[in-house]
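Enquirer: One structure, as structure tokens, below. Some questions next.
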Amino acid sequence: MTTFLEEVNRRIDGVPIQRCYHCRKCTAGCPIAFAMEYNPNKIIRMIQNGKKADVLNSSTIWLCASCETCVTRCPNDVDIARMMDVLREMAIEERVDIREKNILKFHEAFLSSVKMGGRINEPFMIANYKLKSGDYFSDVGMGLSMLMKGKLSLFSPRTKDIKAVKKIFNETKA
Ligand code: SF4
Ligand code: SF4
30 MTTFLEEVNR RIDGVPIQRC YHCRKCTAGC PIAFAMEYNP NKIIRMIQNG
80 KKADVLNSST IWLCASCETC VTRCPNDVDI ARMMDVLREM AIEERVDIRE
130 KNILKFHEAF LSSVKMGGRI NEPFMIANYK LKSGDYFSDV GMGLSMLMKG
180 KLSLFSPRTK DIKAVKKIFN ETKA
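Going by this note's numbering, the sequence shown opens with residue 30, and the numbers climb by one from there.
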């Protein structure tokens with residue numbers, strides 16, 4: 030039977046995470062670590078110890094911003110950002126009760142926008158996210174301010190080769 034560690038490594042398809050010797054350079058540089066339930070290197074330790082339910086149920090995997098600071102700092106080339114992607118995929122597949130539901134909804138709104146036009150259409154993405162999350166008013170002020178300053182485009186361009194984008198979505202079953 031495949032262990033949790035083996036499955037995570039298989040999906041990462043890169044440097045195996047047991048290369049980690051827990052120097053904590055990743056955690057020291059992570060801009061989101063202060064808000065995480067478990068630090069990035071702690072997640073690696075938990076995977077090594079087979080704590081699948083705790084890892085997939087944790088808020089950490091959703092709070093990771095995929096900034097890749099940890100990847101650039103790791104002396105062993107462990108790709109924690111990719112690992113977090115893998116863990117999010119596994120959490121969705123295993124239908125765990127996602128702790129950060131609005132972050133998942135934001136990911137879905139982002140991908141819908143890319144799927145539709147090949148690029149982000151900010152008004153569409155924001156409207157889609159608001160409908161999904163039911164969080165209608167939390168950042169209206171910021172949105173208006175961005176609009177006034179020209180930071181929010183109402184008419185985002187579409188990519189020329191939308192067929193290629195659709196093909197990527199079909200082939201990755203996104
Ligand atoms: S920086 Fe790399 S080796 Fe160090 S704790 Fe993080 S993942 Fe492990
Ligand atoms: S990719 Fe995620 S875990 Fe790594 S530094 Fe950025 S936020 Fe932290």
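Even glycine gets a Cβ: it sits at the ideal position worked out from N, Cα and C.
Can you give the Cα-Cα distance for Phe198 and Ile191, rounded to whole angstroms?
Expert: So the two alpha carbons sit approximately 11 Å from each other.
Enquirer: In the structure shown, what three-state DSSP assignment does Val143 receive?
Expert: Of the three classes helix, strand and coil, the one that applies to Val143 here is helix, per DSSP.
Enquirer: Hey, out of Gly146, Asn105, Leu85, Arg53, whose CA is closest to Val37's CA?
Expert: Among Gly146, Asn105, Leu85, Arg53, the Cα nearest to that of Val37 belongs to Leu85.
Enquirer: CB-CB under 6 Å to Phe153, same chain, minus the five flanking residues each way: which ones, in chain order?
Expert: Counting only Cβ-Cβ distances below 6 Å, and skipping sequence neighbours, we find Ser142.
Enquirer: Would you mind sorting Lys81 into buried or exposed? The rule is 16 or more other CB atoms within 10 Å of its CB.
Expert: Buried, because 16 or more other Cβ atoms sit within 10 Å of the Cβ of Lys81.
Enquirer: Which residues in the same chain as Asn131 place their Cβ atom closer than 7 Å to its Cβ, once the five residues preceding and following it in sequence are excluded?
Expert: The residues are Ser162, Asp164.
Enquirer: Jot down the residue ranges of each uninterrupted alpha helix (DSSP H) in the stretch 93-132, minimum 4 residues, whole runs only, in chain order.
Expert: For the stretch 93-132, whole alpha helix (DSSP H) runs of length 4 or above, ordered along the chain, are 98-102, 109-122.
Enquirer: So what's Met65 in DSSP terms, helix, strand or just coil?
Expert: The answer is coil: DSSP assigns Met65 none of H, G, I, E or B.
Enquirer: Tell me the rounded alpha-carbon separation between Ile73 and Cys49.
Expert: Approximately 8 Å between the Cα atoms of the pair.
Enquirer: Please return the same chain residues whose Cβ sits closer than 6 Å to the Cβ of Leu133, not counting the five positions on each side in sequence.
Expert: Cβ neighbours of Leu133 beyond the five flanking positions: Ile127.
Enquirer: Examine ligand 2 and report whether any of its heavy atoms sits within less than 7 Å of the Cβ of Ala57.
Expert: No, since every heavy atom of ligand 2 falls outside the 7 Å radius drawn around the Cβ of Ala57.
Enquirer: From the DSSP output, in three-state form, read off Pro154 for me.
Expert: The sequence shown places Met at residue 154, rather than the Pro named in the question. Three-state DSSP puts Met154 in a helix.
Enquirer: Compute the minimum distance between the beta carbon of Ser87 and the heavy atoms of ligand 2, and state whether it is under 7 Å.
Expert: Answer for Ser87: no, Cβ out of range of ligand 2.
Enquirer: Helix, strand or coil: how does DSSP classify Arg148 here?
Expert: If DSSP states are grouped into helix, strand and coil, Arg148 belongs with coil.
Enquirer: Using a 10 Å radius around the Cβ and a threshold of 16 neighbouring Cβ atoms, would you call Pro104 buried or exposed?
Expert: It is exposed - the Cβ of Pro104 has fewer than 16 other Cβ atoms within 10 Å.
Enquirer: So the alpha helix (DSSP H) Cys59 belongs to, where does it begin and stop?
Expert: Taken as a continuous stretch (DSSP letters only), Cys59 belongs to no alpha helix (DSSP H), as it is neither H nor E.
Enquirer: Given a threshold of 16 other Cβ atoms within 10 Å of its Cβ, counted over all protein chains shown, does Pro60 qualify as buried or as exposed?
Expert: The residue in question, Pro60, is exposed, as its Cβ has fewer than 16 Cβ neighbours within 10 Å.
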